[in-house]
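Student:
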Amino acid sequence: MNKIIPITDLQRQAGQIVSGVVDSDESVIITQRGRPAAVLVSAARYSQIEEDLAKLDELELVDMVARSREALSRSKTLTHKQVKARLEKQHKTAVQRTRRAR
-10 MNKIIPITDL QRQAGQIVSG VVDSDESVII TQRGRPAAVL VSAARYSQIE EDLAKLDELE
50 LVDMVARSRE ALSRSKTLTH KQVKARLEKQ HKTAVQRTRR AR
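According to the numbering used here, the sequence shown holds residues -10 to 91 in order.
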């Protein structure tokens, strides 16, 4: 369970709070004016979070490549001209909506 502390406690007891985060490897939610403002995590935990996010990005990319290859094999692709026409149509529609909203 995350510990929640006000920012004034962090200012007064920074060393103790940081040591607690490192020792327990649990995050601490810092509040400001009664609302969550920041999260304090150990450097090791932060590194793990970054590694996990990188792995997720890689898995997403692998999935996108696989779907693209499948689309190519099924001839379910668009030419550059078709993509450009779709984007232009979407842009025109968005501009018309903006003008009507005014």
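Beta carbons are placed, not taken as given, at the ideal position from N, Cα and C, and that holds for glycine.
Given that a residue counts as buried once 16 or more other Cβ atoms are within 10 Å of its Cβ, and exposed if not, what is I18?
Tutor: exposed
Student: Given this structure, state the Cα-to-Cα distance separating K73 from H80, to the nearest angstrom.
Tutor: Roughly 10 Å between the two C-alpha positions.
Student: Among the residues of its own chain, which have a CB less than 8 Å from the CB of I(-6), if the five just before and after it don't count?
Tutor: I6, V17, I18, I19, T20
Student: Specify, as a first and last residue, the run of the beta strand (DSSP E) that K(-8) falls within.
Tutor: -8 to -5
Student: Measure from the alpha carbon of N(-9) to the alpha carbon of each residue in R34, V28, E59, then state which is nearest.
Tutor: V28
Student: Take D14 as the anchor and find which of R88, K78, Y35 has the nearest alpha-carbon.
Tutor: Y35
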